[in-house]
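In terms of our numbering, the sequence shown opens at residue 1 and continues consecutively. Ideal placement from N, C-alpha and C gives every residue a C-beta, glycine not left out. Here the structure is a predicted model, which means the values were calculated and not measured. Remarks on the structure that follows.
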Amino acid sequence: MPAHLLERPRVRRLTGALPIALLAALVATQAFTGPGGAFVLDARAVAVAVAVVALLLRAPFLVVVVLGAATAAVLRALGWA
1 MPAHLLERPR VRRLTGALPI ALLAALVATQ AFTGPGGAFV LDARAVAVAV AVVALLLRAP
61 FLVVVVLGAA TAAVLRALGW A
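And the structure:
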């Protein structure tokens with residue numbers, strides 16, 4: 001890309017938001033799809049919901065990750081794949 005195009009304010013905002021949008025799309029795809037692309041609600045979806053709540057409560061990132069992983073682990077141990 002030419003440098004003069006990347007310096008525009010609109011392009012700067014877009015390039016700043018693009019990684020966030022891509023990461024959100026990847027998380028949603030991994031959390032809510034099963035084999036063959038079917039929509040599923042399982043331990044992964046609940047773990048993402050717990051992580052979102054922790055983020056809204058402004059928990060540190062490491063706490064968010066641990067809460068999400070622990071939630072998924074506990075639910076899977078209880079038999080909810």
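Grab the span of the alpha helix (DSSP H) containing residue i for me, first residue to last.
i	result
Phe32	Pro9 to Phe32
Ala3	Ala3 to Leu6
Arg58	Per DSSP, Arg58 belongs to no alpha helix (DSSP H) and is neither H nor E.
Could you tell me if residue i is buried or exposed, where buried requires 16 or more neighbouring beta carbons within 10 angstroms of its beta carbon?
i	result
Ala24	exposed
Gly68	buried
Thr71	buried
Ala54	buried
Ala77	exposed
For residue i, tell me which candidate among the options has the shortest Cα-Cα distance.
i	options	result
Phe32	Ala51, Leu5 and Arg44	Arg44
Val40	Ala54, Val63 and Ala28	Ala28
Ala51	Val64, Arg13 and Ala81	Val64
Quickly, what does DSSP pair residue i with across the bridge? List them, please.
i	result
Phe39	Thr33
Given residue i, which residues of its chain have a CB within under 6 Å of its CB, disregarding the five upstream and five downstream residues?
i	result
Gly36	none
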